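A short write-up of the structure that comes next.
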Amino acid sequence: QVTLKESGPGILQPSHTLSLTCSFSGFSLSTYGMGVSWIRQPSGKGLEWLASIWWNGNTYNNPSLKSRLTVSKDTSNNQAFLKVTSVDTADTATYYCAHTDRTAFDYWGQGVMVTVSS
Amino acid sequence: DIQMTQSPASLSASLGETVTIECLASEDIYSNLAWYQQKPGKSPQLLIYYANSLNDGVPSRFSGSGSGTQYSLKINSLQSEDVSIYFCQQNYDSPPTFGGGTKLELK
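Those sequence lines, one after another, are chains A and B. Per our numbering, the very first residue in the first sequence carries number 3; after that it's consecutive. Per our numbering, the very first residue in the second sequence carries number 464; after that it's consecutive.
Next up, the structure:
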């Protein structure tokens, strides 16, 4: 059974760095074809893919966020991480991590709400 | 980026009715399309992948079809638990992109 759970700071100030953790079970990020993606959703709005990390360490970021994103993993502890630098109010959203095997995002975490506010 | 346009943005239907949601891609995505259901206050759940493959555990009243740039999600015999927002998503080219969503309500 695949499960994922996001954790993060809840609230942070503009210009700071957002650090999120995705803790998962039921699969390994060292297994061929496995990936974890990060997707966010501002309240009442649509979904935006942010980044993905794959079993082989390859990472892909959404160019719309330029170089603000860093995604990494700790295979031994079944965790994936997302850092977003220089946050502002536009980064306020629910952030999800999701398992992907290239066909779709087939398992999602419950999401963690992040508010950027001074 | 490939743009995904969903229609309608909102939809009101009666129990037992059949509803169809459309998704138009800005270029050919070769059936690399998924549909998700998001119930209020919950995370999205995968319904359909590769345009017409039903995800495990999804009721058979849901079906997907389409090719090229045009895709659709059909819900037969609408149930109360189908009240949700539905999103399409292309997985053909990076970055993966989502449609704006269709809010389905009961009439």
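Each residue gets a CB set at the ideal place from its N, CA and C atoms; glycine is no exception. Please read all numbers here as calculations on a predicted model, not as lab measurements.
Which residues of chain A have a Cβ atom closer than 8 Å to the Cβ of residue i, listed in chain order?
| i | result |
| --- | --- |
| leucine 474 of chain B | Within chain A, no residue comes near leucine 474 of chain B; the closest Cβ sits about 16 Å away, beyond 8 Å. |
| asparagine 554 of chain B | Arg104, Thr105, Ala106 |
Which bits of chain B does residue i rub up against, with CB to CB less than 7 Å?
| i | result |
| --- | --- |
| tyrosine 62 of chain A | Ser557 |
At 8 Å on the CB atoms, spell out the chain B contacts of residue i, in chain order.
| i | result |
| --- | --- |
| aspartate 108 of chain A | Leu509, Tyr512, Asn518 |
| glycine 37 of chain A | What glycine 37 of chain A touches in chain B: nothing, since even the nearest Cβ is about 11 Å away. |
Taking the CB atoms as reference points, tell me whether residue i and residue j lie closer together than 8 Å.
| i | j | result |
| --- | --- | --- |
| leucine 478 of chain B | serine 523 of chain B | no |
| glutamine 469 of chain B | glycine 562 of chain B | yes |
| leucine 6 of chain A | tryptophan 110 of chain A | yes |
| asparagine 80 of chain A | serine 9 of chain A | no |
| glycine 564 of chain B | isoleucine 538 of chain B | no |
| glutamate 485 of chain B | serine 535 of chain B | yes |
| glutamine 533 of chain B | methionine 467 of chain B | no |
| serine 69 of chain A | threonine 61 of chain A | no |
| alanine 476 of chain B | lysine 570 of chain B | yes |
| proline 507 of chain B | leucine 67 of chain A | no |
| tryptophan 51 of chain A | proline 503 of chain B | no |
| cysteine 82 of chain A | cysteine 24 of chain A | Looking at the sequence provided, one finds alanine at residue 82 of chain A rather than cysteine. For alanine 82 of chain A and cysteine 24 of chain A, yes; Cβs fall inside 8 Å. |
| alanine 488 of chain B | isoleucine 465 of chain B | yes |
| glycine 527 of chain B | alanine 514 of chain B | yes |
Identify, in the order they occur along the chain, each residue of the same chain with its Cβ nearer than 6 Å to the Cβ of residue i, setting aside the five sequence neighbours on each side.
| i | result |
| --- | --- |
| tyrosine 98 of chain A | Ile41, Trp110, Gly111, Gly113 |
| phenylalanine 550 of chain B | Tyr499, Phe561, Gly562, Gly564 |
| threonine 102 of chain A | Gly37, Ser39 |
| threonine 483 of chain B | Ser535, Lys537 |
| asparagine 63 of chain A | Ala53, Leu71 |
| tryptophan 56 of chain A | Gly37 |
Applying a beta-carbon distance threshold of less than 7 Å, which residues of chain A neighbour residue i?
| i | result |
| --- | --- |
| glycine 564 of chain B | Gly48 |
| alanine 497 of chain B | Ala106 |
In its own chain, which residues sit with a C-beta less than 7 Å from the C-beta of residue i, not counting the 5 before and 5 after it?
| i | result |
| --- | --- |
| tyrosine 493 of chain B | Tyr555 |
| leucine 509 of chain B | Ala497, Tyr499, Asn518 |
| valine 521 of chain B | Leu510 |
What in chain B is Cβ-close to residue i, meaning under 9 Å?
| i | result |
| --- | --- |
| glycine 113 of chain A | Lys505, Ser506 |
| tyrosine 98 of chain A | Ser506, Pro507 |
| tryptophan 56 of chain A | Ordered by position in chain B, no residue passes the 9 Å Cβ test against tryptophan 56 of chain A, which lies about 12 Å from the chain. |
Please tell me whether, using a cut-off of 7 Å, the distance from the CB of residue i to the nearest non-hydrogen atom of the ligand SAH is below it.
| i | result |
| --- | --- |
| serine 66 of chain A | As for the ligand SAH, it is missing from this structure, which has no ligand bound. |
To which residues of the same chain is residue i closer than 8 Å at the C-beta, ignoring the five residues directly before and after it?
| i | result |
| --- | --- |
| threonine 481 of chain B | Lys537, Ile538, Asn539, Ser540, Leu541 |
* Stretch pair the region 71-80 of chain A + the region 9-17 of chain A: three plus CB contacts closer than 8 Å -> With fewer than three CB-CB distances shorter than 8 Å, the region 71-80 of chain A does not count as touching the region 9-17 of chain A.
* **Contact the region 31-38 of chain A vs the region 524-543 of chain B: 3+ CB pairs below 8 Å** => No, the region 31-38 of chain A is not in contact with the region 524-543 of chain B.
* Contact between the region 18-28 of chain A and the region 81-88 of chain A (3+ Cβ pairs under 8 Å) -> Segment contact: the region 18-28 of chain A against the region 81-88 of chain A, three or more CB-CB distances shorter than 8 Å; contact assigned.
* Does the region 88-98 of chain A come within contact of the region 479-498 of chain B, defined as at least 3 CB pairs closer than 8 Å? -> Counting Cβ pairs under 8 Å, fewer than three are found: no touch.
* Within the region 490-537 of chain B, note down every full beta strand (DSSP E) run reaching 3 residues or more, in order along the chain. => Segments of the beta strand (DSSP E) lying fully in the region 490-537 of chain B: 496-501, 508-512, 525-530.
* Asked: For the region 14-73 of chain A, which segments carrying the beta strand (DSSP E) assignment without a break, of at least 3 residues, lie completely within its bounds, in sequence order?
  -> Residue ranges of uninterrupted beta strand (DSSP E) with 3 or more members, entirely inside the region 14-73 of chain A and ordered along the chain, are 20-27, 37-43, 50-56, 61-63.
* Sequence ranges, beta strand (DSSP E) only - wholly within the region 86-117 of chain A, length at least 3 -> Every unbroken stretch of the beta strand (DSSP E) spanning 3 or more residues and falling wholly within the region 86-117 of chain A is given here in chain order: 95-102, 107-110.
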